[in-house]
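Down below is the structure, laid out as structure tokens.
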Amino acid sequence: MAIDVGEASFESEVIERSRQVPVVVDFWAEWCGPCRTLTPALEAAEAARDGKVVLAKVDVDANQALAARFGVQGIPAVKAFRDGAIVDEFVGAVPKAKVEELFDSLAPSRADELLAAGDELSLREATELEPRRADLAVALARRRLERGADDDALEAVEGHEGDFAAAGIAARISLVKSGIATDAFEALDRGETEVALDALLDQFADADDDTREQLRRAIVGILTTLDPADPTAASYRRRLATAFY
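My numbering puts the first residue of the sequence shown at 1483, with every later residue one more than the last.
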């Protein structure tokens, strides 16, 4: 059921809540005929998602500052929030199919739910449902690495060579099979990321071209797990560039 949101509650009910579940905000007014046409479609779409998407309503007459903040110039105006930011929007009483399309894009898929579960069985099912998604393949490969099933991990990321994380896992397995940098990956598995990166970078000096490329891919794969804004990540990217080039 839609929740009424105002200036005092918008931050908590929309911005913060959208970090856990997508929130669709309907900017409307009592006098707006198209708003009354759109509302049933929005409410039906929310009800059909069984809590996977929240619908919030903002009366623009009572909350003019909110309408101005989000650039609402015509109503109904619908804005979808995820992780605290607008990810989609439209203006006007669009057809029901457009509403359904919006909610479908926001609601987590079955594969997303399995990814959130995180166990190997769930991840394997997720990759079967959406085999083209590299994030699912990488998550499955990491679970398999945890139990020492390197060949199975490699199988999981096959076909995802264009993804940095997947390529990094494949490079790791290749290096370990060659007896290279095993200590680095043991450190990585213990959560000692900087120790692992230092050890991998130390291997560059005496490595041949093929090994250097595998080391580069392994390092880049690890760096994808770090926050891009983290100074540590930036530092290791510079060191990698110096070592490789």
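Ideal Cβ placement from N, Cα and C applies to all residues, glycine included.
It should be emphasised that the depicted structure is a prediction, and the values quoted were computed from it without experimental measurement.
Query: Contacting residues, own chain, Cβ-Cβ under 8 Å from residue 1585 (five flanking each side not counted); Result: 1506, 1527, 1528, 1530, 1531 and 1535
Query: Among 1619, 1715, 1614 and 1485, the one whose alpha carbon lies nearest that of residue 1540; Result: 1485
Query: Short Cβ contact (9 Å threshold) for residue 1508 with residue 1537; Result: yes
Query: For residue 1534, three-class secondary structure by DSSP; Result: coil
Query: Beta bridge counterpart(s) of residue 1572 as assigned by DSSP; Result: 1560
Query: Residue 1485, DSSP secondary structure in three states; Result: strand
Query: Close beta carbons around residue 1650, own chain, < 8 Å, minus the five adjacent residues each side; Result: 1699, 1700, 1701, 1702, 1703, 1704 and 1706
Query: Under the three-state DSSP convention, the category residue 1567 falls into; Result: strand
Query: Three-way DSSP call (helix, strand, coil) for residue 1688 in this model; Result: coil
Query: CB-CB length for residue 1581 against residue 1511, believed under 8 Å; Result: That belief does not hold up - the Cβ atoms of residue 1581 and residue 1511 are roughly 19 Å apart, past 8 Å.
Query: C-alpha distance - residue 1521 paired with residue 1557, whole-angstrom precision; Result: 12 Å
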